[in-house]
Amino acid sequence: MPISPSDSAAPDAATVLDVEELRLTVAEVLDIEAADLTNEAHFVDDLQVDSLMALEVVVRLEKKYGVKFTESELRSVVSLQQAHDLLLHKLSTR
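Anchor point for the sequence shown: position 64 equals 64 in full-length UniProt numbering, and the numbering is continuous, going up by one each time.
In structure tokens form, the structure reads like this:
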């Protein structure tokens, strides 16, 4: 049976971007337990993320997902949920 175009379409960004996978990636870079990285934990206030750690996270995400973040986009990201939302937006608009 031939595959229709809709059957072979690429998955949407929400399917590709699993928040748990993102949590594991960020936790690995920050060298913390994934369970300690809640969706709303503030990177600086709760997790003591410094600028070098933040840069490491950004570089890892850019490489892993093939996106580039602008400085202005990153200024507003202070939690895993906000990182997920921004990354989802970047993936859906490329």
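Idealized CB from N, CA, C, for every residue including glycine.
This one's a predicted model, so the numbers in the text were calculated from it and none came from an experiment.
Item to complete: Along the alpha helix (DSSP H) that carries Glu20, what are the first and last residues, could you check?
Response: 19-30
Practice prompt. Excluding the 5 residues preceding and the 5 following Val29 in the sequence, name in chain order all residues of the same chain whose CB lies nearer than 6 Å to its CB.
Written response: Excluding its 5 nearest sequence neighbours in each direction, Val29 has C-beta neighbours in its own chain below 6 Å: Glu56, Val57, Arg60, listed in chain order.
Worksheet item: When DSSP labels each residue in this structure, what does Phe43 get in the three-state scheme?
Response: coil
Item to complete: Could you check the C-alpha separation between Arg94 and Thr38 for me, to the nearest Å?
Response: 27 Å
Worksheet item: What residue range is occupied by the uninterrupted alpha helix (DSSP H) comprising Lys63?
Response: 51-65
Discussion item. Can you tell me where the alpha helix (DSSP H) holding Asp85 begins and where it ends?
Written reply: 80-92
Item to complete: Please name the residue, chosen from Val49, Val78, Phe69, Ser79, that lies closest to His89 on a Cα-to-Cα basis.
Response: Phe69
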